[in-house]
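K.L.:
Would you mind keeping the following structure in view while I ask a few things?
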Amino acid sequence: MECDCGKTLELCGVDEVDATTYLARFACVPCGEYVGIEGEQKEVTPFLGQVCWSDEAQHVLDRMPPYVVPFYRDDVERYAQTTGTKLVTFDFLGEAKNQGTVAWSVDTLKRLERVPPAIRAMARIELERTALERGMTEVTVALMEEIKARYFGLGAAQPAFKN
Ligand SMILES: [Zn+2]
């Protein structure tokens, strides 16, 4: 992407707007020209050069003891490369800590297949995100019931927090 002056716009940072929306900010400093690209991760990623940290992920880094930062950053970026991830998000840090995505059992996968195709991908992301957030290594039936009730108003009226 180029500025009107012909210079390549520089990436200044990426904000996590919500669970699935990102805002990449670019600038041409000499011109004071700013451009933002907002969209899902897969829409924003093609505009990012190398592995890039969202502001939220960067904030985690900023709060770490300085001597830990280079090692931690290396670990996360190496994991990002093995998974083909260009954008390190707050959630990705949790995933990197587990060195992988959460597991799905045959049971939970079967349940996922019954989710209408239009919302299946979103449901999958939401389930994995919530599981990682809670430090779970596997998506459970209880979690699926909880998310289903919370997001789609189906099933149990009471979210299953017992697990
Ligand atoms: Zn310019």
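The sequence shown begins at 7 in this note's numbering and counts up one residue at a time.
Quick reminder that beta carbons are idealized off the backbone N, C-alpha and C, glycines included.
(1) For the alpha helix (DSSP H) that contains D24, what are its first and last residues?
(2) Per DSSP, Y40 is paired with what?
(3) Which residue comes first and which comes last in the alpha helix (DSSP H) that contains V112?
(4) Does the structure place the segment 43-62 close enough to the segment 17-32 that three or more beta carbon pairs sit under 8 Å?
(5) Relative to the C-alpha of A86, which residue among V75, F98, P76, F77 is closest?
(6) The alpha helix (DSSP H) spanning K48 covers which residue range?
(7) Could you check which residue in R135, Q64, Q47 has the C-alpha nearest to that of V108?
(8) Can you say whether R156 is buried or exposed, counting buried as having 16 or more other CB atoms within 10 angstroms of its CB?
(9) Within a Cβ cutoff of 7 Å, which residues of the same chain sit near R79, ignoring the five residues on either side of it in sequence?
(10) When burial is assigned at 16 or more other CB atoms within 10 Å of the CB, is C37 buried or exposed?
(11) Using 8 Å for Cβ pairs, my map puts V94 next to W59. What's the rounded Cβ distance?
(12) Run the CB neighbour count on L115, radius 10 Å, all protein chains shown included, and call it buried at 16 or more, exposed below.
(13) Collect the residues with a C-beta less than 7 Å away from any heavy atom of ligand 1 and give them in sequence order along the chain.
(14) Checking the sheet assignment: what are the DSSP bridge partners for C58?
(15) Would you mind reading off the limits of the alpha helix (DSSP H) that contains D81?
(16) Restricting to Cα atoms, I'd like to know which of D21, E39, G55, E62 is closest to E46.
(17) Tell me whether V147 sits in a helix, a strand or coil according to DSSP, three-state version.
P.N.:
Based on what the coordinates show:
(1) Counting along the chain, D24 falls outside any alpha helix (DSSP H), and DSSP gives it neither H nor E.
(2) Per DSSP, the beta-bridge partners of Y40 are A33.
(3) Where V112 is concerned, the enclosing alpha helix (DSSP H) stretches over 112-119.
(4) Touching, yes.
(5) Of V75, F98, P76, F77, the smallest CA-CA separation from A86 is found for F98.
(6) That run of the alpha helix (DSSP H) goes 47-50.
(7) When C-alpha distances from V108 are compared across R135, Q64, Q47, the shortest belongs to R135.
(8) Its Cβ having fewer than 16 others within 10 Å, R156 is exposed.
(9) Cβ within range, chain order: L67.
(10) Per the 10 Å Cβ criterion, exposed.
(11) That belief holds up - the Cβ atoms of V94 and W59 are roughly 5 Å apart, short of 8 Å.
(12) With fewer than 16 other beta carbons inside 10 angstroms of its own, L115 counts as exposed.
(13) Every residue passing the under-7 Å Cβ criterion appears here: C9, D10, C11, K13, C34, P36, C37, E39.
(14) Its beta-bridge partners are L93.
(15) Looking at the DSSP string, the run of the alpha helix (DSSP H) that includes D81 is 75-88.
(16) Here the closest residue by C-alpha is D21.
(17) Helix at V147.
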